[in-house]
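Scroll down for the structure; my scribbles are underneath it.
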Amino acid sequence: MLLRLLRILWVITRYRLDTLIPLERLPWALRTLFRLSPLRLVPIGERSRGARLRLALESLGPIFVKFGQVLSTRRDLLPADIADEMKRLQDQVPPFPGDQALAVVEEELGMTVALAFARFDAEPLASASIAQVHGARLHSGEEVVVKIIRPGIDRVMRQDMALMYRFARLLTLVPEARRLRPVEVVRDYEATLFDELDLHKEAANTSQLKRNFKNSPLLYVPAIHWELTRQRVMVQERIYGVPVADIAALEAQETDLKRLAERGVEIFFTQVFRDNFFHADMHPGNIFVAREHPHDPQYIAIDCGIVGSLTREDQDYLARNLLAFFHQDYYEVAALHIESGWVGENTRANEFAAAIRTVCEPILEKPLKDISFGQVLLGLFQTARRFDMEVQPQLVLLQKTLLNIEGLGRQLYPDLDLWKTAKPFLEQWMKERAGTRGFWESLKRQAPELTRQLPELPVLAHQALSQMDQEKRQRRRQGEALGGIRQQLIREGRRGRRLRLGLLLVALALAWQPLIQWAAGQPWPALAAAVLGLALLAWH
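Going by my numbering, the letters in the sequence shown line up with residues 332 to 871, in that order.
Shown next as structure tokens:
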């Protein structure tokens, strides 16, 4: 752990990543600390800032490379030189040697490469943070790709995740950072990331996504060869599309980029709301465009290691929130946040709505094509400090994917109107969900269970009535027992009063003669008070 931390610090120093921090935005104390830091004695070198950041992320391993891949889709938030370098992380990570790849394949398949494939290319087609891909041909003549997990990658990932957990726990000590729920976010990211190490899961995800878009003009998913797929090796149909980030090639074949960008948004919302199963790693390295029908473009999706799904409650919440934003109904947004528990239950909806309006109105007053969903999210997070709004880990993956989709769409077609494209889809989905069709679909889903329980209804009804009768008799017995206890307490109280009165009379009889002598010498007010006291004592 300590060695890994020292290595991270060494990489930061070697590539002078401190120069990427905008000092003018820091508090004066931190600004002074950075300016006096001994790091400034280390030469920067001739590499550009983007190249230094890319090389640092590559040196640190898959978790950091993943971070760079996410950054690569946000050209609207990054300088162009850094975005260009981050783009190289999508499929140009340094590969591991071909002989190691052959060894992993033979170990996983339990046979030689020559027996499994008619041809296997030792040079990889592409190399990513966790795995790399080799071309091959089956004995049947079909061209395929073989995906192989990097040897020893799980050990490095576990070290990095342990460091992330430590950092997250330190953040929980800071009140302003606690609302971000850093430990829960890291735990969710860990589960997602380690799923990528099991290619059986990726193959199953790929098959599900292919089934969801069977014969669809929007998306094509290559088939899996299950007989040659193992935990660390997956064999898949080879595709020959144009990388979605290769804008020049897409323009050369006269691809309708506007329609392509809008279809990307449609695919995302279809996966989230129709199928409740979405590809959550849609950076440009995983997306291609079919060469056929450029005027009616079709996407090709690979690398389904990370997928997401939502509960029905999360789906409803997300759709209603987005529609409220589309209609600039800030009170509805505030009410939904309070209802879902994102902010404290004591938050006043009108105050929260006013804060959201103050942040979002300047953004939403722009032309729709100029509105970035990322800017809206950042604006909303600015209200979090005042209202203690918490990050919802179950939605982090979805938010990241939506930001990726928007960034990709704006690369293809800078005038992409995400809001206008999504709004009709969401309105139609909500109408179907809440209308007659939604009721009918819900009834059809529950029909098998209702059919199974229908013959048992008389027995269940008899059991329910018997249980009600038994509970009624039990309550009656409990009432009778309580009544008996109450009568017993009354009798005990009466006996106690008689006992006290008897003792008082005995005491008076024994003390009668002294009392007579005492009373003869007392004035009448004292005697009246004594008599009243005896009467009250006897009554009590």
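Beta carbons are placed, not taken as given, at the ideal position from N, Cα and C, and that holds for glycine.
| Item | Value |
| --- | --- |
| Beta bridge counterpart(s) of G639 as assigned by DSSP | F609 |
| Boundaries of the alpha helix (DSSP H) in which I413 is found, first to last residue | A411 to K418 |
| Whether V435 touches R563 by CB criterion (8 Å) | yes |
| Option in A467, A411 and R345 with minimal Cα separation from A433 | The residue you asked about is not Ala; residue 433 is Leu in the sequence shown. Closest by alpha carbon: A467. |
| Helix, strand or coil at H465 according to DSSP, with G and I counted as helix | strand |
| F498, buried or exposed, once every other Cβ within 10 Å from all chains shown has been counted against 16 | exposed |
| Entirely enclosed alpha helix (DSSP H) segments - the segment 423–484, minimum 4 residues | 429–440 and 444–447 |
| DSSP three-state assignment for Y662, whether helix, strand or coil | helix |
| Exposure label - L523; buried when at least 16 CB within 10 Å | Here the sequence assigns Thr to residue 523, which means Leu is not the residue at that position. Result: buried. |
| C-beta contact flag for L549 and Q629 at 8 Å | yes |
| Top-ranked residue by Cα proximity to I687, from D349, V477 and Y661 | Y661 |
| L649 to P426 span [Cα, whole Å] | 40 Å |
| CA-to-CA distance, S460 to L502, given in whole angstroms | 27 Å |
| Reduced DSSP secondary structure (H/G/I, E/B, other) of Y744 | coil |
| CB of L388 within 8 Å of CB of F398, strictly | yes |
| Host alpha helix (DSSP H) of I598 (start-end) | L588 to F600 |
| Inter-residue Cα distance where the pair is P625 and C635 | 25 Å |
| Straight-line gap, A493 to E377 (C-alpha atoms, nearest Å) | 34 Å |
| Boundaries of the beta strand (DSSP E) in which E568 is found, first to last residue | V564 to E568 |
| Assigned exposure category for N681 - 16 Cβ within 10 Å defines buried | exposed |
| W341, buried or exposed, once every other Cβ within 10 Å from all chains shown has been counted against 16 | exposed |
| Beta-carbon proximity check, R622 vs Y551, cutoff 8 Å | no |
| Status (buried if at least 16 other CB within 10 Å, exposed otherwise) for H610 | buried |
| Short Cβ contact (8 Å threshold) for V620 with I631 | yes |
| Span separating the alpha-carbon of N617 from that of P513 | 28 Å |
| Per DSSP, cross-strand counterpart(s) of I631 | Y551 and F619 |
| Cutoff 6 Å; reference F448; Cβ partners in own chain excluding five residues on either side | A467 |
| 8 Å contact criterion, which A457 and V464 should meet: CB distance rounded | 5 Å |
| V342, enclosing alpha helix (DSSP H) - first and last residue | L333 to R345 |
| Whether A583 touches P615 by CB criterion (8 Å) | no |
| Cβ-Cβ distance between A753 and L641 below 8 Å | no |
| Integer-rounded CB distance, given that D349 should sit under 8 Å from L370 | 5 Å |
| Of the residues Q798, L739, I578 and F604, the one placed nearest W760, counting alpha carbons only | F604 |
| Nearest residue (CA-CA) to K751, options E737, G381 and R764 | E737 |
| Unbroken alpha helix (DSSP H) run spanning K532, endpoints | L530 to N543 |
| Close-in-space but distant-in-sequence residues of the same chain around R569 (CB under 6 Å, 5 per side omitted) | E474, V475 and V476 |
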